[in-house]
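Numbering (the numbering used here), first residue to last: 185 to 541. A virtual CB, placed ideally from N, CA and C, is assigned to each residue, including glycine. Please read these numbers as outputs of a predicted model, since none were measured by experiment.
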Ligand code: SF4
């Protein structure tokens, strides 16, 4: 029998498993505290469970661990971690330090099948889905690395699902991981501190809105279907009309706006006509626009617009009453960037802050 990784089990699953071996419901709560507050690595460390109870647990489960392979530190304080999974695949997790926040950008897949043209992860193809345990464990391991003496999530204040992979392409495990991240006797993240960024899987956006109220970010990057389909193949499946219709169903208000990320590429999507199309597309929705001037990379032919072009674009959106933010990318010197990693800092700002420009 394949044993289950306890870190990926929801409270109710634990309760049912424990009931099967005659154990009380509160034992599940104790296990959750050991896993996510105490961050234990071994079932035998759960000292308030009887030896027999621990033995029963060990019969069907274990505590899995992703393993740190490498860490890089950027000049701006951004830290990138490379973790090895049990099957030897590796994933990246990026910790972004800001004035009052420590944001962890986590991966949800090994690789990605969405194929966005500006993204190095997309170019490398898809390997496999991450389990909920592997998604959650990125948080536990980084909390342990950053502050081994701390409990729970330690100093990590926010999570963005914006690393390798398209979160909504791994829907079941991602929703499960979100639920586990929110346990109030565990890692204690609230909806407002969790942001999921998607390239635009419309049906899953609708489903997500029925199940959670985490902050939603859409990687938009173009306000017309022709260009967006060229940049992001997902747009051929769900065009802008379908994407916007899905966004309208998502629980958002003026206080909790959906973030639209828009990477500015020189000569492609950075004209005032493009800005006008953007206003027309999202102008009547409670949204924020994160403008992210493209950070050039030797393997990608896209160029960054010059400063004046960016300023003109921002001014146009603001004149048309859109809430706009522009952000520098973090960790560029350690390649913390794939198409979406670069936007991590901006997304969490947008998810939390009131109107700014
Ligand atoms: S930008 Fe995101 S969705 Fe697109 S290919 Fe990269 S990881 Fe996948």
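What are the residues that DSSP puts in a beta bridge with residue 256?
-> Its beta-bridge partners are 264.
Which residues bound the alpha helix (DSSP H) around residue 387?
-> Note, residue 387: alpha helix (DSSP H), 386-395.
For residue 435, which residues of its own chain have a beta-carbon under 8 Å away from its beta-carbon, when the five flanking residues on both sides are left out?
-> The answer, listed in chain order, is 393 and 397.
Of all the alpha helix (DSSP H) runs that stay within the bounds of the region 192-226, which reach a length of 4 or more residues?
-> Taking 4 residues as the shortest admissible run, the region 192-226 contains the following complete alpha helix (DSSP H) segments, listed from N- to C-terminal end: 195-204 and 210-216.
Near residue 433, which residues of its chain fall below 6 Å by C-beta distance, leaving aside the five closest residues on each side in sequence?
-> Closer than 6 Å at the Cβ level, and outside the excluded window around residue 433, lie 390 and 393.
Coil, strand or helix - residue 249 by DSSP = The three-state secondary structure of residue 249, taken from DSSP, is coil.
Classify residue 339 as buried or exposed, calling it buried when 16 or more other Cβ atoms lie within 10 Å of its own Cβ.
-> Under this definition residue 339 is an exposed residue.
Quick one: is the Cβ of residue 270 within less than 8 Å of any heavy atom of ligand 1?
-> Outside the cutoff, so no.
Thinking C-beta only, is residue 395 closer than 9 Å to residue 352?
-> Not closer than 9 Å, so no.
Check the DSSP bridge columns for residue 310 and list the partner residues they point to.
-> DSSP, once it has assigned bridges, lists 295 as partnering residue 310.
Using the DSSP secondary-structure output, state which residues sit across from residue 305 in a beta bridge.
-> According to DSSP, residue pairing for residue 305 in a beta bridge does not occur.
Quick one: grab the DSSP three-state call for residue 595.
-> Residue 595 is absent from the structure shown; the chain starts at 185 and stops at 541.
Using the rule of at least 16 other Cβ atoms within 10 Å of the residue's Cβ for burial, across every protein chain shown, is residue 367 buried or exposed?
-> Buried, because 16 or more other Cβ atoms sit within 10 Å of the Cβ of residue 367.
What is the DSSP secondary structure of residue 188, counted as helix, strand or coil?
-> Three-state DSSP puts residue 188 in a strand.
Looking at C-alpha atoms only, which residue of 208, 209, 378 and 233 is the closest neighbour of residue 218?
-> Answer by Cα proximity: 233.
Taking the alpha helix (DSSP H) that residue 433 falls in, what are its first and last residues?
-> From DSSP, the alpha helix (DSSP H) with residue 433 extends over 424-433.
Can you give me the Cβ contacts of residue 224 inside the same chain, cut-off strictly under 6 Å, excluding the 5 residues immediately before and after it?
-> Cβ contact annotation for residue 224 (same chain, cutoff 6 Å, sequence separation greater than five): 218, in chain order.
Return the chain-ordered list of same chain residues with a C-beta closer than 6 Å to the C-beta of residue 504, the five sequence neighbours on each side being excluded.
-> Hits under 6 Å: 463.
Are residue 494 and residue 448 touching if we call contact CB-CB under 9 Å?
-> It is a contact, given that the beta carbons lie within the stated cut-off.
Measure the alpha-carbon distance for residue 412 versus residue 267 and round it to whole angstroms.
-> If I take the Cα positions, the gap works out to 32 Å.
Please report how far the alpha carbon of residue 238 lies from the alpha carbon of residue 227, in whole angstroms.
-> For residue 238 and residue 227, the gap between their C-alpha atoms comes out near 6 Å.
When the Cα of residue 242 is compared with those of 349, 186 and 210, which residue comes out closest?
-> For the residues 349, 186 and 210, the minimum Cα distance to residue 242 belongs to 186.
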